[in-house]
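*Asks:*
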DNA sequence: CCACTTTGTGTAGAAAATACACGAAGTGGC
DNA sequence: GCCACTTCGTGTATTTTCTACACAAAGTGG
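Residue numbers (the working numbering), protein chains in the order written: chain F, 815 to 1042; chain D, 815 to 1042.
(1) Going by CA-CA distance only, name the one from 822/D, 917/D, 1038/D that's closest to residue 894/D.
(2) Closer than 8 Å by beta-carbon distance: list the chain D residues that pair up with residue 861/F, in chain order.
(3) Using only the alpha-carbon positions, how far apart do residue 909/F and residue 989/D sit?
(4) Would a check of beta-carbon distances place residue 867/F closer than 8 Å to chain D?
(5) What residues in the stretch 871-890 of chain F have a beta carbon less than 7 Å from any beta carbon of chain D?
(6) Can you name, in chain order, every residue of its own chain whose Cβ lies under 8 Å from the Cβ of residue 1039/F, other than the five neighbours on each side?
(7) Quick check: the stretch 944-958 of chain D against the stretch 829-844 of chain D, are at least 3 beta-carbon pairs closer than 8 Å?
(8) First and last residue of the alpha helix (DSSP H) that includes residue 947/F?
(9) At a cut of 8 Å, does the stretch 1017-1028 of chain F reach the stretch 863-880 of chain D through at least three beta carbon pairs?
(10) Please name the residue, chosen from 834/F, 929/F, 849/F, that lies closest to residue 971/F on a Cα-to-Cα basis.
(11) Return the residue from the list 982/D, 1012/D, 879/D that minimises the CA-CA distance to residue 786/D.
(12) Taking only runs that begin and end inside the stretch 862-897 of chain F, name each unbroken beta strand (DSSP E) of 3 or more residues, in chain order.
(13) Three or more C-beta pairs under 8 Å: does that hold for the stretch 1004-1019 of chain D against the stretch 929-949 of chain D?
(14) Starting from residue 995/F and walking both ways along the alpha helix (DSSP H), at which residues does that stretch end?
(15) Kindly indicate which residue of 944/F, 819/F, 940/F has the alpha-carbon position closest to the one of residue 892/F.
(16) What does DSSP give as the partner residue(s) for residue 1006/D in the beta ladder?
(17) Name the residue from 852/D, 862/D, 827/D, 913/D whose alpha carbon lies nearest to the alpha carbon of residue 819/F.
(18) So, helix, strand or coil for residue 978/D, using DSSP?
(19) Rounded C-beta distance between residue 867/D and residue 896/F? I'm assuming under 8 Å.
(20) For residue 845/D, which beta-bridge partners are listed by DSSP?
(21) Measure the C-alpha to C-alpha separation of residue 925/D and residue 829/D and round it to an integer number of angstroms.
(22) Name the one or two DSSP bridge partners that residue 839/D has.
(23) Just how far apart, CA to CA, sit residue 998/F and residue 1001/D?
(24) For residue 913/D and residue 975/D, what's the separation of their Cα atoms in angstroms?
(25) Would you say residue 975/D reaches chain F, if we count a Cβ-Cβ gap shorter than 8 Å as a contact?
(26) Can you give me, in chain order, the residues of the stretch 832-862 of chain D that have a beta carbon less than 9 Å from any beta carbon in chain F?
(27) With a threshold of 8 Å between beta carbons, is residue 904/D in contact with chain F?
(28) Check distances from the C-beta atoms of the stretch 936-947 of chain D to those of chain F and list, in chain order, the residues that come in under 9 Å.
(29) Give a yes or no on whether the minimum CB-CB distance between residue 967/F and chain D is below 8 Å.
(30) Where DSSP assigns a beta bridge to residue 905/D, which residues make up the other side?
(31) Could you please give the first and the last residue of the uninterrupted alpha helix (DSSP H) stretch that includes residue 917/D?
(32) For the beta strand (DSSP E) containing residue 1015/D, name the first residue and the last one.
(33) Within 8 Å of any Cβ in chain D, is that where the Cβ of residue 954/F sits?
(34) Give the residues of chain F in contact with residue 895/D, contact being defined as C-beta atoms less than 7 Å apart.
(35) Closest to residue 987/F by C-alpha separation, out of 948/F, 959/F, 964/F, would be which residue?
(36) Output needed in chain order: residues of the stretch 1004-1015 of chain D with a Cβ under 8 Å from some Cβ in chain F.
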């Protein structure tokens, strides 16, 4: 744009990566190496490059800072307070991502020394306006999980009804009646029983289900609307 | 940010301004004077200035291009396709706004020659990716109007039940039973009867109501959740 | 084989959503 | 002045959805 002579902002992408396991909902944080805020925890992020759209920047950040590929993510909000970064005029197009947290992933991050999964209710002080970004993402997640089937992105491919219910209880911060919950989910016909059962638990093992993506898309065309 | 040596995008704000009256839901369009797309219809927009956050840019655009002050608006989505503007790398932080359309406003825009209120179902071909932006805004409006009391922003301060219902029917593209609708709204206790009646209509005049913002905020604190 | 934990399942009552019709109020035309 | 026309304002019965609640069966660990 040769005729545009005014100052331009730097544009960055920050990612709120949510990971869930049975001990709760977590966020991936990375420790800053450089100033400003050297040594402080922050969200994984990076600058948008030329010939890259912000979604591609987010993919790149997820891969390089979190080792994550092919995970669900979505644009969240664009933060543009002029004083949000002491280095100057930096606008951040925040995204959020959802992944199932495995114990391997948690240990891997610990080895990386400089990144960690932190429980959403135990966040440390964060660099920049990253706390505000996380709060915004939590609100979005709470709302969206009720009218879109994105909760499944936080679970392993095969999961028990109990895990699904616990997930919803964690996110929505409520308790749900087991029978009513199962009735509702059964009514939607979005879960497919795998026939497999939980292994290595000291009690009656639960069936494993998976989310039926094809079915969801079919039903979507017929005007079906997920709601919990 | 002195250490950042890479190319930077230009950042713009485009606004989808929705205006409703009894003939339907409209969008404010402006005719482009300059190339690219000279003579084509487009959304009102502008570049983000230094020391300005995108919300402030939106306010400025609404005022200068639409003559609108103190209207409801909200960030929508950030569009960053690298080929969205032939002039170069321009990212747009789209916003949407809601206003009640009066006949004066419509005539005023016609005089301005170069801007017009167009029915959402009769949009012309638009410059850039502005059609995609409008489509995104319509989806957002359809969703949000159901779980947040933003529909009132599209009505005059005092309105009849019928207008409110028609508004919802227009946006959600359904028909609603009059008695059930009124029962539901009455149950929420968010409407205050003004005691006034419609004037100059050739039939039994309807009561005029207004939205009780204070009440809504009070109820919000008590965990009330608007839903239609 | 006993103790422990978690699974899997049905029903009755309460609350909410839906479907539906007619007399009353006001204007405009004759 | 009165008739035609249009829209307002209101209640009830039926169906559907939501909620609350308990116990036998499956499997592990000691």
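Glycine included, C-beta positions come from ideal geometry on N, C-alpha and C.
In this text, all values refer to a predicted model and were calculated from it rather than measured experimentally.
*Replies:* From the atom records:
(1) 822/D
(2) 818, 820
(3) 36 Å
(4) yes
(5) 889
(6) 961
(7) yes
(8) 944-961
(9) no
(10) 834/F
(11) Outside the displayed range of chain D (815 to 1042) lies residue 786/D, so it cannot be described from this structure.
(12) 886-893
(13) no
(14) 992-1002
(15) 944/F
(16) 1024/D
(17) 862/D
(18) helix
(19) 6 Å
(20) 855/D
(21) 21 Å
(22) 834/D
(23) 26 Å
(24) 18 Å
(25) no
(26) 861, 862
(27) yes
(28) none
(29) no
(30) 825/D
(31) 917-925
(32) Here residue 1015/D belongs to no beta strand (DSSP E), and DSSP marks it neither H nor E.
(33) no
(34) 867
(35) 959/F
(36) none
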